[in-house]
Structures are given as structure tokens and as C-alpha cells.
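S.K.:
In my numbering, the protein residues as written are 218 to 364.
Here is the structure:
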């Protein structure tokens, strides 16, 4: 082999070897501070904290929701809301059935005849505000009348 050819190959191999010794850090944690201004209870909610630690923030599921964040009257819904029947399919976009089925407990919600009330948030954090001043129809995002 010609010296001009093997020298760059050797340098490349050494760089690859050095890079393989570096620890894998995974995605950087995200900050949900923008959302926690109003939704303070989510700053220590297990579901939100776990996802944020893995680089998944509120925006991943609820969209940027700029208008919602700017609505001091709370009349504008987040960009994406989930009616009860959409919670499980939304979670399963990132957590596929094959992965979930490895744990027997998930069979309760993965069964075709599982009631709609059996959702991911039933066990992994209710993901609810302790007190609501407004409510939206989760399918249409329309503000519902207060009772």
C-alpha cells in the first residue's frame, strides 16, 4: 500500500477509536420553563420530568402553542389536545406496542377490548391541572362554557 493512502486511513481509524471511547450522553434535557410559568405542577410531575430528562418537552406532544402561552385569559387552547381515545395512540407514536408488550402490565391497556378509561396516563401520571378555570373540547379545541 502506498504511504499516501495508508496514512489518512490510519489517522481516520485512530479518530474512530478515540470517539468510541467517549460515553454516549443521549439527547440533552429540555426545559419546559415556558410552560411551567402557568403549569407549575408539571415541574415535578413524573411523566413530564422523565420525558424532559430524555429531551422530550411539552412541545413534542402539544405543539409550540404560542397563542396559548400568550393568552393571559386562558381562552386559547394548546395547539394539540388529546381526547381520551387519542391518548394511547399518541403515546404509542414513540412507545410502540412491541416495546410495551414486553411488560405484562401493559397487556391490560393493549388488549383490543380494553376500556377507553385504561390509558397510559392512568399509571404514568394523570397529567392534569389540580384546578381548572377553563375547559376546552379536546377534539375541537373550542372553549367550553363554564358551569
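Note that the Cβ used here is the ideal one computed from N, Cα and C, for glycine as well. For clarity, every value in this text was computed on a predicted model and none was experimentally measured.
Can you give me the Cβ contacts of residue 298 inside the same chain, cut-off strictly under 7 Å, excluding the 5 residues immediately before and after it?
M.R.: So the list reads 353, 355 and 358, once near-sequence residues are dropped.
S.K.: Is residue 325 helix, strand or coil by DSSP?
M.R.: Residue 325 falls in the helix class under three-state DSSP.
S.K.: Let me know the secondary structure DSSP gives residue 317 once reduced to three states.
M.R.: Residue 317: helix per DSSP, three-state reduction.
S.K.: Ordered along the chain, which non-local residues of its own chain (more than five positions away) have a Cβ less than 8 Å from that of residue 342?
M.R.: Excluding positions up to five away in sequence, the list reads 262, 263, 264 and 265.
S.K.: Cutting at 6 Å between CB atoms, please list the residues of its own chain near residue 326, excluding the five before and the five after it.
M.R.: Closer than 6 Å at Cβ, skipping near neighbours: 335.
S.K.: In terms of residue numbering, what span does the alpha helix (DSSP H) encompassing residue 294 cover?
M.R.: Neither: residue 294 is in no alpha helix (DSSP H) and is coded neither H nor E.
S.K.: How would you label residue 294, buried or exposed, when you count the other beta carbons within 10 angstroms and need 16 or more for buried?
M.R.: Buried: at least 16 other Cβ atoms inside 10 Å.
S.K.: Excluding the five sequence neighbours on either side, which residues of its own chain have a C-beta within less than 8 Å of the C-beta of residue 270, listed in chain order?
M.R.: These residues qualify, in order along the chain: 246.
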